[in-house]
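Chemist: Residue numbers (our numbering), protein chains in the order written: chain A, 15 to 336; chain B, 36 to 562; chain C, 18 to 376.
Ideal placement from N, C-alpha and C gives every residue a C-beta, glycine not left out.
Just passing along the structure, written as structure tokens.
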């Protein structure tokens with residue numbers, strides 16, 4: 015009995031960890047879309063965050079610098095996107111895609127360069143950076159059977175993500191700025207008419223959203239990959255995050271369990287013993303993507319007014335259009 | 036053109052505009068505009084579509100900025116750089132196209148963009164809204180979502196929005212376009228109450244009788260210039276029209292008499308159509324139209340007019356009931372087209388044409404040339420897999436000449452044309468097929484007077500040629516002046532079909548609002 | 018509040034020369050930015066760009082390789098262009114290439130004994146049909162439920178990739194591969210022969226170019242695609258069956274991408290690997306966009322991108338610059354092109370601050 019519960023606890027724990035980068039990426043994209051912009055560059059921003067977070071940690075040996083660099087890099091990519099779509103009215107789909115191509119290329123480029131410059135042919139951040147993101151202990155709370163492991167023994171990185179989700183949820187639903195942001199995303203012309211600075215709101219939230227995506231990338235580079243630069247480390251997480259936004263119905267709170275659900279699917283293969291069901295690993299790997307497609311189709315069949323993509327998404331706002 | 040009227044003692048100027056000019060590219064929207072507005076006054080800004088009224092007001096509300104000229108508010112020169120500046124100066128604008136966020140509540144829309152005051156809880160906001168409602172006689176539940184509201188309720192929210200910001204100067208852009216006469220009366224009451232409380236109000240409109248009813252002074256714009264400013268008491272409607280259009284215009288509407296016993300061409304029986312969410316958009320609708328008859332349809336926006344048109348054109352499925360056309364050249368053969376494909380309806384012996392209200396979003400492809408738009412309904416008739424563009428181009432060129440459409444060439448994208456010319460292209464194309472049944476939805480919306488009357492003439496010509504015409508309109512004067520009968524829709528139901536020669540506007544208004552008038556009362560309403 | 022001194026005004030018209038000038042300027046600026054990037058890496062930009070040119074065009078072999086890279090890019094771009102003209106955001110070309118390649122590979126592996134004049138048409142048909150059906154799935158959902166096609170087609174890329182992985186590790190594993198999971202090399206008879214030194218995929222690509230051009234510009238179906246892309250309401254109003262058009266166009270779009278997969282597998286790689294698409298599907302989207310969805314412009318643009326890719330591979334060996342630099346340069350180029358379209362569509366005017374006051 016104890017062993018099977020322990021097994022399930024281990025499974026859930028691993029699922030949570032797998033879901034963390036998705037949580038960051040999805041939250042970042044939710045905030046972006048709330049501003050009325052569909053940014054398909056999540057993958058690229060996560061790559062930027064990963065490589066600059068890694069580089070920050072690698073060059074300075076400081077975990078804080080690593081996080082700051084990751085955030086700034088993700089934000090930089092997002093602001094480039096904002097410049098092109100908000101100010102230059104470029105097509106959002108293509109601009110996002112370009113950001114992904116660019117981010118992926120730049121990350122792999124810098125990563126490979128770091129590896130090539132290193133005498134050991136591999137690049138790993140200093141131990142203190144890795145250690146900074148190891149699971150922490152909350153005294154006796156951590157020792158509570160099962161619950162302690164599930165709730166009180168994560169890395170600060172995980173708690174930060176959860177806190178960001180909760181904070182974003184509060185911000186959107188209970189503050190005046192959050193209300194303004196929703197108005198900007200739903201109907202930029204209406205927001206403009208009541209004097210909300212639409213362009214500023216878009217830049218800020220696209221930027222912050224990108225920064226959060228960048229943090230997700232840093233999690234992959236510093237925690238998932240254990241602080242050693244890995245070629246193509248994001249490998250599609252950003253795209254799943256874009257899809258998860260739909261699953262989360264544009265609510266930061268629902269990002270939390272959405273990412274957990276997808277984390278579960280991603281690691282299911284490792285926790286179902288091959289002797290029970292023998293399914294080729296490649297089929298298992300399809301699960302998160304299949305699930306995303308299912309969610310997409312189901313949500314498109316049953317739409318409710320409140321759980322829809324912000325109406326302004328994908329359409330650039332131009333005031334003097336006539 | 037300086038203000039010609041003396042300033043009434045004790046009434047300071049709320050607004051004083053001097054020489055405002057605004058251009059968009061090569062288009063001069065406003066040129067050297069000067070006007071004044073006193074406190075406690077309602078000023079009507081009268082002008083045709085495209086005369087520059089909206090541009091002028093957008094400069095006052097901070098959405099556009101003038102290229103040159105000066106704005107004085109309460110005697111001080113001001114530079115209104117943004118809507119926030121306008122609010123700070125107490126200027127509130129109620130736009131023709133509502134600027135509301137659908138998924139937010141009434142209260143959220145009202146407070147949107149206002150600075151959050153400390154200690155201003157949701158309850159306190161609700162209280163402030165309730166106070167306003169009481170003072171001005173406005174009624175709408177602050178906790179409802181905008182998408183649940185009717186058109187007139189949405190307008191009420193827009194008014195509350197500006198009052199909540201303590202606006203003392205209100206600008207209303209075509210506020211009556213979508214209201215019933217009764218709702219218009221109520222709106223005017225609210226405006227008069229605001230005037231009593233010392234507010235200054237600008238009413239932008241092109242409807243003369245409203246101008247005559249509610250305003251103190253009238254400023255007339257034409258082609259971006261101020262024609263004159265006059266006292267309401269010293270002017271007649273006819274003189275206003277002449278100022279507005281630039282020449283004496285015969286505004287009388289023609290109503291060619293249909294032949295007394297012409298055969299019925301279109302018959303609709305007990306038609307029910309569902310909307311996207313399963314609700315009934317058309318509920319048990321029955322009517323018929325005779326050859327050479329013009330049946331008008333009146334109703335508040337969203338009463339099922341759109342669904343009726345789209346159903347008749349074969350674009351929507353029917354839940355029940357039927358639509359029939361009668362082939363008078365073939366033994367009065369009844370053809371059931373309830374479930375027919377749009378192409379069959381267009382191409383059948385009793386052909387039907389539909390001129391939709393959304394010209395560029397439904398009737399035409401804006402980025403395509405006039406010639407390519409000619410192909411829209413005929414391309415599939417041609418043999419083989421290829422499109423033949425040459426005949427279409429020739430056809431387009433003929434149309435341009437016949438209807439004197441102003442365009443550089445037949446290859447110009449439709450979106451570059453002005454509204455009136457766009458409509459000419461659309462109607463011209465639809466009439467090419469010589470329809471027996473013609474359906475038009477708001478055919479003159481957004482057009483200037485000359486274009487409007489050109490369109491009315493085209494419709495009357497179809498009527499004389501023996502077509503059965505369904506005319507969805509919003510201007511009740513036009514409906515009553517042009518149609519033979521008027522059908523009133525409310526909530527998808529036919530309230531009544533009245534004789535346009537004898538019915539009154541208020542009778543239509545009551546029906547539009549859903550009150551059924553018994554025959555005895557009908558007499559009273561007529562009296 | 019800051020006051021915007023510069024404001025944008027939508028152009029009603031622009032001379033083709035001016036538009037061309039803007040775009041040429043954007044490419045120039047992109048190259049400069051790329052040059053600065055190279056300079057920061059400690060290399061001479063002129064030397065690097067020079068070697069990229071030499072590496073992609075300088076020798077006959079280099080040119081051949083560049084053309085080989087152009088072929089799948091050209092074909093795939095033509096495919097996505099069809100969908101894009103309909104405003105259907107087919108981001109799934111990558112997966113559609115894989116599916117086309119899988120279908121073609123089946124016949125190459127198990128029916129290599131068929132005569133060439135049967136085998137190749139069958140492989141092409143199989144690739145087109147399989148990828149077309151694959152692409153029809155999101156199209157049907159879009160047409161029926163309005164499902165977001167961008168994300169749907171995107172997710173299907175991963176499914177296609179894992180199907181190849183599954184085949185490689187299981188059913189189609191090469192028995193002669195010493196237990197290393199790979200798919201066997203195609204038999205000689207199932208490989209596309211060279212014509213003028215390059216496998217005959219280039220002929221297919223050029224024929225497709227002409228066909229797609231004629232289809233889009235001259236055919237009724239091409240006209241329908243444009244109408245649906247502009248406004249579904251207008252299409253319905255004109256009596257078009259919008260669902261049918263969406264699905265049909267997407268079948269063609271995906272099918273053409275599938276052909277690219279077949280060409281890659283049978284012509285370039287001579288086997289099926291997970292990298293059969295290798296990012297071509299994504300690059301093709303940007304190629305199509307940069308070509309303004311004009312099939313005739315796709316030919317030079319895809320050649321340019323192939324040069325970029327090929328050149329980056331070359332400079333990797335000479336300067337030790339990672340070939341990921343190709344993606345960086347591609348991104349920079351695209352950013353500039355996207356930004357430049359703004360100046361083609363809008364005119365900037367400086368606000369006149371000298372206000373004349375009428376006393």
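#1: Within the continuous beta strand (DSSP E) that includes residue 127/B, where are the two ends?
#2: Can you check the region 52-93 of chain B for any beta strand (DSSP E) of at least 3 residues that lies completely inside it and give the ranges in chain order?
#3: In its own chain, which residues sit with a C-beta less than 7 Å from the C-beta of residue 7/C, not counting the 5 before and 5 after it?
#4: So that I know if they touch, is there some Cβ in chain B lying closer than 8 Å to that of residue 377/C?
#5: Buried or exposed for residue 437/B, please, with buried defined as at least 16 other CB atoms from any protein chain shown within 10 angstroms of its CB.
#6: Would you call the CB atoms of residue 513/B and residue 543/B closer than 8 Å?
#7: Using a cut-off of 9 Å between C-beta atoms, extract the partners of residue 26/C located in chain B.
#8: Is there a Cβ of chain C sitting closer than 8 Å to that of residue 107/A, yes or no?
#9: Let me know the secondary structure DSSP gives residue 522/B once reduced to three states.
#10: In this structure, does DSSP put residue 239/A in helix, strand or coil?
#11: From what residue to what residue does the alpha helix (DSSP H) around residue 248/B run?
#12: Taking the alpha-carbon of residue 103/C as reference, which of 239/C, 196/C, 355/C has the nearest alpha-carbon?
#13: Taking the CB atoms as reference points, tell me whether residue 86/C and residue 323/C lie closer together than 8 Å.
#14: Where DSSP assigns a beta bridge to residue 236/C, which residues make up the other side?
#15: Looking at the unbroken alpha helix (DSSP H) that takes in residue 122/B, where does it start and where does it end?
#16: Are the region 482-495 of chain B and the region 358-372 of chain B touching, with three or more C-beta to C-beta distances below 8 Å?
#17: From residue 611/B to residue 233/A, what does the alpha carbon distance come to, in whole angstroms?
#18: Which residues in the same chain have their Cβ closer than 7 Å to the Cβ of residue 57/B, if we skip the five residues on either side of it in sequence?
#19: Is it true that the CB of residue 119/C sits closer than 8 Å to the CB of residue 218/C?
#20: With residue 157/A as the anchor, note down where its alpha helix (DSSP H) starts and where it stops.
#21: Are the C-beta atoms of residue 327/A and some chain B residue less than 8 Å apart?
#22: Considering only DSSP beta bridges, list what residue 387/B is partnered with.
#23: Give the DSSP-derived three-state secondary structure of residue 208/B in the structure shown.
#24: Chain A beta carbons: is any one of them nearer than 8 Å to that of residue 345/C?
#25: Going by other Cβ atoms of all chains shown within 10 Å of its Cβ, with 16 needed for buried, is residue 111/B buried or exposed?
#26: Less than 8 Å between the C-beta atoms of residue 175/B and residue 192/B, yes or no?
#27: What does the alpha-carbon distance come out to for the pair residue 249/A and residue 137/A?
#28: Pull up the distance between the alpha-carbon of residue 229/C and that of residue 95/C, whole angstroms please.
#29: Which of the residues in the region 133-166 of chain C, read from start to end, lie with their CB under 7 Å from any CB of chain A?
#30: Would you list the one or two residues that DSSP bridges to residue 128/A?
#31: List, in chain order, every chain B residue whose beta-carbon is nearer than 8 Å to that of residue 3/A.
#32: Could you give the first and the last residue of the continuous beta strand (DSSP E) run that contains residue 262/B?
#33: If we ignore side chains and look at the alpha-carbon of each, how far apart do residue 396/B and residue 407/B end up?
#34: How many Å lie between residue 496/B and residue 254/C at the Cα?
#35: Note down, in chain order, all residues in the region 223-255 of chain A with a beta-carbon under 7 Å from any beta-carbon belonging to chain C.
#36: Is the region 175-195 of chain C touching the region 288-305 of chain A in the sense that three or more CB pairs, one from each, lie closer than 8 Å?
Modeler: Here's the rundown:
#1: 126-129
#2: 62-73, 77-81
#3: No answer is possible for residue 7/C: it lies beyond the span of chain C, which begins at 18 and ends at 376.
#4: Outside the displayed span of chain C (18 to 376) sits residue 377/C, for which this structure offers no information.
#5: exposed
#6: no
#7: 59, 60
#8: yes
#9: strand
#10: coil
#11: 243-249
#12: 239/C
#13: yes
#14: 421/B
#15: 118-123
#16: no
#17: Given that chain B is displayed from residue 36 to residue 562, the structure contains no residue 611/B and the question cannot be resolved.
#18: 64, 65, 90, 94, 99, 101, 102
#19: no
#20: 154-157
#21: no
#22: 472/B
#23: strand
#24: yes
#25: exposed
#26: yes
#27: 19 Å
#28: 7 Å
#29: 158, 162, 163, 164, 165
#30: None; residue 128/A has no bridge partner.
#31: Past the edges of chain A, shown from 15 to 336, lies residue 3/A, and the structure says nothing about it.
#32: 260-266
#33: 16 Å
#34: 24 Å
#35: 250, 253
#36: yes
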